[in-house]
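Residue numbers (full-length UniProt numbering): 1 to 546. Ideal Cβ placement from N, Cα and C applies to all residues, glycine included. Written below as structure tokens is the structure these notes are about.
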């Protein structure tokens with residue numbers, strides 16, 4: 001019976017720091033005698049006569065009146081007779097000296113049952129409203145951050161927990177699923193390891209973004225808190241009705257979108273930092289008296305944004321640039337829509353790149369409600385520069401000077417520079433996206449991107465070499481990505497002989513294109529799948545558990 005206390009403690013040192021007491025039986029509990037800090041307490045436990053079976057020790061550890069850990073359980077300890085034990089690990093066994101026969105040996109065994117859920121999850125199915133990150137984590141008890149609300153009469157109790165050694169975990173009450181004009185409650189881990197509770201007011205994309213001085217602190221009262229094994233936990237109650245920034249928050253009669261966030265750093269002593277560990281909002285406003293698990297807001301626009309950008313900058317842009325650089329003297333004499341084959345497909349791929357980028361950009365603006373930074377991650381900044389360069393390219397191409405004019409070389413170099421800059425910056429921006437908490441991409445996805453870059457660079461080197469050999473330029477050191485006469489804008493008459501037939505190694509270049517195209521598309525589609533199925537680890541666990 002897990003609720004029955006057995007045995008007694010013996011060998012407790014005669015000290016002003018510890019003493020034994022009685023709960024159910026004499027000397028069945030040991031505790032401290034003073035509030036001074038203690039590095040350790042040493043004593044022995046003695047099993048009852050003729051007792052055999054499993055026991056576990058339970059402890060409460062107090063750091064302060066506000067921070068303590070209760071029901072800390074030991075591994076299961078099996079009490080057996082000496083002849084029962086045949087062998088035991090060197091570090092695991094523990095023995096007791098029985099003051100009366102028969103002697104017993106305590107054999108430590110790992111628990112067979114599943115570890116109990118953290119206290120924040122207990123009651124989520126029948127007495128609490130719970131909301132966690134990532135989706136579906138509450139039932140498994142493995143959320144990065146979780147909020148629980150328990151309502152009893154006019155008493156509203158909140159619990160917050162985050163993992164990953166967070167500096168803070170916070171919850172917000174909002175009238176929508178966007179940050180701004182919300183009443184927030186923060187549990188912050190101080191440098192001394194203790195937890196403090198604050199309220200704050202959030203601002204939408206306006207510095208200081210979050211402010212404690214603009215929110216009354218007396219509307220919340222801390223009840224419990226702890227920091228253990230990288231988990232920050234706090235429990236507090238909030239007034240049923242409170243007024244913050246002239247806005248009344250009536251927990252009993254108003255439905256709210258819930259937000260839960262967590263981060264590893266503070267912006268300064270009075271402001272939480274970027275939510276790099278967790279950030280999520282419920283999809284719809286709800287009563288805090290609801291019992292069960294709340295659903296997160298849809299991430300469809302976010303995933304479409306990521307998918308479109310991946311297809312654009314890993315797929316269509318890569319193919320379009322490759323065709324323009326290395327295939328101008330391939331398929332000579334063949335046309336598509338009145339244009340050379342290479343140019344026709346180059347234009348198709350770059351138009352697709354432009355469309356995918358513009359649509360992806362519009363989608364993310366709708367998702368975040370306008371311009372929004374990504375903390376220390378430069379994804380948003382490099383992304384907007386990429387979009388600007390991408391937007392300029394087709395406009396410049398439409399107004400390009402005719403071949404042979406004085407300004408044609410300037411256009412050629414500018415078009416080459418802007419196009420390559422946009423492509424490189426677009427791929428760098430995708431690398432930054434891997435580390436965004438909202439993307440929920442696995443850390444190993446960066447290796448897929450690195451493999452793509454390596455493959456892309458190798459193919460460019462091989463194709464550059466074939467162009468140089470075919471142009472006869474290795475001997476004099478003039479190594480160029482494509483004939484310099486195209487960059488310098490020489491006249492059609494000067495180059496007409498060169499263009500009458502396919503350049504040497506055209507068949508080899510077509511073979512390389514046949515290899516490059518499907519592999520690049522595989523990389524792009526693989527990354528799109530990671531975005532669409534994010535978080536992929538959760539999907540994998542669901543499939544394997546089915």
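Taking all protein chains in view, the Cβ of residue 256 is crowded by 16 or more other Cβ atoms within 10 Å, so the residue is classified as buried. Burial is judged here by how many other beta carbons sit within 10 angstroms of a residue's own beta carbon; residue 346 has at least 16 and is buried. Under the criterion of beta carbons closer than 8 Å, residue 33 and residue 57 do not qualify as touching, at roughly 20 Å. Between the alpha carbons of residue 378 and residue 384 lies a gap of roughly 10 Å.
Within its own chain, the residues whose Cβ lies closer than 7 Å to the Cβ of residue 369, once the five positions on either side in sequence are excluded, are 178, listed in chain order. Residue environment analysis places residue 390 among the buried positions, since at least 16 neighbouring C-beta atoms fall within 10 angstroms of its C-beta.
By the criterion of at least three beta-carbon pairs nearer than 8 Å, the segment 180 to 189 is not in contact with the segment 273 to 288. Annotated three-state conformation of residue 212 is coil, per DSSP. From the listed residues 216, 200, 234, the smallest Cα separation to residue 222 is found for 234. About 5 Å separates the Cβ atoms of residue 262 and residue 166, confirming a contact at the 8 Å cut-off.
Under the DSSP assignment, residue 415 falls in the alpha helix (DSSP H) whose first and last residues are 408 to 434. Three or more Cβ pairs closer than 8 Å define a contact, and the segment 358 to 366 falls short of that threshold against the segment 431 to 438. Residue 316 is a Cβ neighbour of residue 353, given a cutoff of 7 Å.
If you draw a straight line from the Cα of residue 240 to the Cα of residue 196, it is about 21 Å long. For residue 5, the closest of 20, 29, 522 by C-alpha to C-alpha distance is 29. Taking 7 Å as the cut-off, the beta carbon of residue 231 is found closer than this to the beta carbon of residue 163. Taking the CA atoms as reference points, residue 27 sits about 10 Å from residue 46. Within the segment 126 to 169, no alpha helix (DSSP H) run of at least 4 residues lies entirely inside it. With respect to the 7 Å criterion, residue 48 and residue 7 are classified as neighbours on the basis of their beta carbons. With a 10 Å radius around the Cβ and a threshold of 16 neighbouring Cβ atoms, residue 522 comes out exposed.
With the rule of 3 Cβ pairs closer than 8 Å, the segment 317 to 324 counts as touching the segment 348 to 362. Excluding the 5 residues flanking it on each side, residue 448 has same chain C-beta neighbours closer than 7 Å at 523, 526, 527, in chain order. Exclusion of the five residues before and after residue 277 leaves 144, 145, 162, 164, 166, 262, 263, 264, 437 as the residues of its chain whose Cβ lies within less than 7 Å of its Cβ. With the rule of 3 Cβ pairs closer than 8 Å, the segment 298 to 308 does not count as touching the segment 321 to 332. The beta carbon of residue 122 is closer than 6 Å to none in its chain, skipping five residues each way along the sequence.
Beta-bridge pairing by DSSP links residue 185 to 171, 199. In the same chain as residue 273, and ignoring 5 residues on each side of it, the C-beta atoms closer than 6 Å to its own belong to 263, 265, 266, 267, in chain order. Residue 43 sits in coil when the DSSP states are folded into three classes, being neither helix nor strand. By the criterion of a C-beta distance shorter than 7 Å, residue 401 is surrounded in its chain by 407, 408, 411, once the five residues flanking it on both sides are discounted. Restricting attention to 536, 237, 532, the CA atom closest to the CA of residue 218 is found in 237. Straight-line measurement puts the Cα of residue 142 at about 14 Å from the Cα of residue 293. The C-beta distance from residue 189 to residue 200 rounds to 16 Å, too long to meet the 8 Å contact threshold. Contact check for residue 457 against residue 382 fails: the beta carbons are separated by 7 Å or more. From the listed residues 173, 441, 325, the smallest Cα separation to residue 415 is found for 325. Closest in C-alpha terms to residue 133, from the list 513, 296, 418, 517, comes 296.
Sequence-distant Cβ neighbours of residue 510 in its own chain, meaning closer than 7 Å and more than five residues away, are 330.
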